[in-house]
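Scroll down for the structure; my scribbles are underneath it.
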Amino acid sequence: MRFIKKNIAVLVVFSTLLFSSCQKDEYVVPDPVSDLTNDCIKRTIGPNIVSLPIEFAYAMAIPKSKGKLVSAQVEASIAGATGTYLEHRSYFTNTSGVDVPVTVGIPSSNEGKATKVTFSVDTTAATLRYFYVIPEEARGQSVTFTFSATSSNGQTVSYKMGPYTIAKMGIKRNIAVSNGNLAYVSIENMTAYTAAEAAANAGKVDLVYLYRATPTTFTHALVSPGAESIYLPGVTLPSGVNRSTKVRKVFNLQDRNLANLQFGIYVDDKDLQEVDLTDAPNYALGLRAEAGTWVETADKKYKAYIFVNSVNANGSAVISMLRYTL
Amino acid sequence: MTRIYKTLIAIISITAIAVSCSKDVPVDEDGLLITERQECFVSNFELLGSDFVTVRAAVPVIDTTAQTINVTVLFGTDLKNVYPQFTLATDCKLDPKVTGRTDLSDLANPKKYTVVSGNRKIRKEYSLNIKFQ
Numbered sequence: 002m003r004f005i006k007k008n009i010a011v012l013v014v015f016s017t018l019l020f021s022s023c024q025k026d027e028y029v030v031p032d033p034v035s036d037l038t039n040d041c042i043k044r045t046i047g048p049n050i051v052s053l054p055i056e057f058a059y060a061m062a063i064p065k066s067k068g069k070l071v072s073a074q075v076e077a078s079i080a081g082a083t084g085t086y087l088e089h090r091s092y093f094t095n096t097s098g099v100d101v102p103v104t105v106g107i108p109s110s111n112e113g114k115a116t117k118v119t120f121s122v123d124t125t126a127a128t129l130r131y132f133y134v135i136p137e138e139a140r141g142q143s144v145t146f147t148f149s150a151t152s153s154n155g156q157t158v159s160y161k162m163g164p165y166t167i168a169k170m171g172i173k174r175n176i177a178v179s180n181g182n183l184a185y186v187s188i189e190n191m192t193a194y195t196a197a198e199a200a201a202n203a204g205k206v207d208l209v210y211l212y213r214a215t216p217t218t219f220t221h222a223l224v225s226p227g228a229e230s231i232y233l234p235g236v237t238l239p240s241g242v243n244r245s246t247k248v249r250k251v252f253n254l255q256d257r258n259l260a261n262l263q264f265g266i267y268v269d270d271k272d273l274q275e276v277d278l279t280d281a282p283n284y285a286l287g288l289r290a291e292a293g294t295w296v297e298t299a300d301k302k303y304k305a306y307i308f309v310n311s312v313n314a315n316g317s318a319v320i321s322m323l324r325y326t327l
Numbered sequence: 069m070t071r072i073y074k075t076l077i078a079i080i081s082i083t084a085i086a087v088s089c090s091k092d093v094p095v096d097e098d099g100l101l102i103t104e105r106q107e108c109f110v111s112n113f114e115l116l117g118s119d120f121v122t123v124r125a126a127v128p129v130i131d132t133t134a135q136t137i138n139v140t141v142l143f144g145t146d147l148k149n150v151y152p153q154f155t156l157a158t159d160c161k162l163d164p165k166v167t168g169r170t171d172l173s174d175l176a177n178p179k180k181y182t183v184v185s186g187n188r189k190i191r192k193e194y195s196l197n198i199k200f201q
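Sequences listed follow chains A and B, in order. One rule links them: number in the working numbering = place in the first sequence (from 1) + 1. One rule links them: number in the working numbering = place in the second sequence (from 1) + 68.
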């Protein structure tokens, strides 16, 4: 009898829980905006790389009865590099999906860490884009942003964004290389040298770009100066150029930053830290457009990812690279 | 109360008996089904480079009688970092398993791979012979 009573009690408790959990929550209409308000989103994705911008969209609005927008400001914890600005135009998207600008203020000015726009039209709502060009001082650091807006009734609102970690790696895009001319690639300096320049920077030349039509699979290649001579056919290395760089071919790794915003893949610090090139060869033959190579310099000072943007059968190519200091 | 317990014990016993009567599925040490098939051969072979693009210069020559796979690879192929891919007869498996990047650079001592038939009773060792273009 006691056992049955216990069971009934348990059953009652469970039934109550079941019914109460099924109760529908009533929808509550949110309060209309009654004061100056603001919101912000970060538009760029992927790693934050020195010299590239981080883009935000900062929105602010005030009821018409309360006043109008007077100014908008962004303060970064580390001052942005040249090119940092806050848009003085607000955008709307037309029926064709094109963003159309509407001028709402005077062009922004940078004062130290702050960038400010003063509104020049009578407006109660605007979305301004902010482009923060990452400075060298921010490499490997964290950056935060404080967006704020002021209205004609004296109100001020602010919105904090971040912290965002700035990548340690550096980027260099569209380096032209050519067979026998700009053929000597330096990872340290992220550039291509001629033979004469290479001789003057012998300790910094890590790879030789060369093109050979035969054998047919050779074509465009990045070969380390220290590689066997069969991989450097007809090449007379400038004096002192002899480093043996580890190179591993990759395909289908079209980093968005290197591929000029064409793809949705990103190579980040972590990839460069973790790629193991211990048993990699010191040459990469048969490269083609959109191929890439992981590279580690002979002194183990740098790791890099070199992306082939384009190749030309006349013996030239355009490469871009991400370089990480170990 | 005693009746409830008796009923419960009866249900559990019947379930246990029913489960124990189901036929065992024969599986090998890898959890793969052992079948009655006796076919034991390599039907195709592919070799990919570190960029997962083929490094073969020609179609591989597979001799199922001599149990050899002869592959010619492109000039400059980094054989320390390649991915061999074997296509086997139905239900066969390969020993040793190819688990990832493989070093096939020792051309003087071709790597051996054994094909094991579906019934796991026949084993055929293939020699993977690689030469450069």
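Just so it is clear, CB atoms sit at the ideal spot from N, CA and C, and this is done for glycine as well.
Item: Three-state class that DSSP yields for A:Y28 in the structure shown; Value: coil
Item: Counterpart residues of A:G106 in DSSP-defined beta bridges; Value: A:F120
Item: Limits of the beta strand (DSSP E) - the one that A:A62 falls within; Value: P54 to A62
Item: Beta carbon proximity, A:Y306 to chain B, threshold 9 angstroms; Value: no
Item: One or two residues paired with A:A305 in a DSSP bridge; Value: A:V296 and A:R324
Item: Beta-carbon gap between A:S230 and A:R244 smaller than 9 angstroms; Value: no
Item: A:S72 vs A:K114 beta-carbon contact at 9 angstroms; Value: no
Item: Pairwise C-alpha distance: B:L115 and A:A201; Value: 42 angstroms
Item: Distance, A:F264 Cα to A:D256 Cα; Value: 7 angstroms
Item: Any C-beta of chain B under 9 angstroms from that of A:Y210; Value: no
Item: DSSP-derived helix/strand/coil call for A:G163; Value: strand
Item: Spatial distance of B:V93 from A:L208 (CA atoms); Value: 58 angstroms
Item: Burial state of B:I79 (16 or more Cβ within 10 Å); Value: exposed
Item: C-beta neighbour in chain A for B:Q153, strict 9 angstroms; Value: no
Item: Neighbourhood of A:N95 by C-beta distance below 6 angstroms, restricted to the same chain and skipping five residues each side; Value: V101
Item: Partner residues on chain B for A:P164, Cβ-Cβ distance less than 9 angstroms; Value: Residues of chain B passing the Cβ test: none, with the nearest at roughly 36 angstroms.
Item: Same chain, Cβ closer than 7 angstroms to A:S321, neighbours up to 5 away in sequence not counted; Value: K173, R174, N175, I176, L259, F308 and N310
Item: Under 8 angstroms from the C-beta of B:D98: neighbouring residues of chain A; Value: Chain A residues near B:D98: none, gap ~28 angstroms exceeds 8 angstroms.
Item: Assumed close pair A:I135, A:N261 - CB separation to whole angstroms, cut-off 8 angstroms; Value: The Cβ separation is near 18 angstroms, so there is no contact.
Item: Closest residue to A:S142 among A:K169, A:T119, A:D26 and A:Q156 (Cα-Cα distance); Value: Position check: residue 142 of chain A holds Gln in this sequence, whereas Ser was assumed. The residue with the shortest Cα to Cα distance from A:Q142 is A:K169.
Item: Same chain, Cβ closer than 6 angstroms to A:G287, five either side skipped, listed in chain order; Value: T218 and T220
Item: Endpoints, beta strand (DSSP E) assigned at A:L273; Value: It is not in any beta strand (DSSP E) - A:L273 instead sits in the alpha helix (DSSP H) that spans D270 to E275.
Item: Beta strand (DSSP E) segment containing A:A193, residue limits; Value: T192 to Y194
Item: CB contact below 9 angstroms: A:L233 versus chain B; Value: no
Item: A:K67 (DSSP reduced to helix, strand or coil); Value: helix
Item: According to DSSP, residues forming a beta bridge with B:P152; Value: B:L115
Item: Neighbour-count burial assignment, A:N283, 16 or more Cβ in a 10 Å radius; Value: buried
Item: Cutoff 6 angstroms; reference A:T151; Cβ partners in own chain excluding five residues on either side; Value: V71, S72 and T157
Item: Interface residues of chain B facing A:K250 [CB-CB closer than 7 angstroms]; Value: G117, S118 and D119
Item: Terminal residues of the beta strand (DSSP E) in which B:I137 lies; Value: T136 to V141
Item: Check whether B:Y194 and B:V110 have beta carbons under 9 angstroms apart; Value: yes
Item: Residues that A:S311 bridges to, as DSSP identifies them; Value: A:V319
Item: Simplified DSSP assignment, three categories, for A:S230; Value: helix
Item: CB of B:V141 within 9 angstroms of CB of B:F200, strictly; Value: yes
Item: Close Cβ partners of A:L323 (< 6 angstroms) along its chain, the five nearest in sequence each way excluded; Value: M170, I172, V268 and Y306
Item: Burial state of A:P31 (16 or more Cβ within 10 Å); Value: exposed
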